[in-house]
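Okay, so here's the structure we're looking at.
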Amino acid sequence: MSDAEKIADLEVRLAHQEHTLDELSGVVAEQARVIELFREQLRRLTDRMVQVEETVPGKGPDEPPPPHY
């Protein structure tokens with residue numbers, strides 16, 4: 000294999016690696032967007048659960064377990 004062929008092979012490999020890195024970067028960016036969406040949904044659900052728990056009638060402060068526990 001001549002030097003020119005080796006260089007051409009390296010250039011092809013580099014082009015494939017750059018393409019793969021671009022694809023992976025896009026995937027990571029999309030995953031970050033989805034994770035942020037999930038965090039926001041979890042925050043809203045948590046806030047809603049707190050609101051619901053506060054409105055449950057007859058719910059008093061947590062009672063300690065009986066002495067036999």
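Counting from 0, one number per residue, gives the positions in the sequence shown under numbering that gives the first Met the number 0. Built from N, CA and C at the ideal position, the CB exists for glycine as well. Predicted model, so just to flag it, every value in this text is computed and none were measured.
How many angstroms separate the CA atom of residue i from the CA atom of residue j?
| i | j | result |
| --- | --- | --- |
| Ala-28 | Pro-66 | 54 angstroms |
| Ser-1 | Asp-8 | 11 angstroms |
| Ile-6 | Gly-25 | 29 angstroms |
| Gln-50 | Ala-31 | 29 angstroms |
| Ile-34 | Gln-40 | 10 angstroms |
The alpha helix (DSSP H) with residue i in it runs from where to where?
| i | result |
| --- | --- |
| Ser-24 | 2-54 |
Any heavy atom of the ligand SAH closer than 8 angstroms to the beta-carbon of residue i?
| i | result |
| --- | --- |
| Ala-7 | You won't find the ligand SAH in this model; it holds no ligand whatsoever. |
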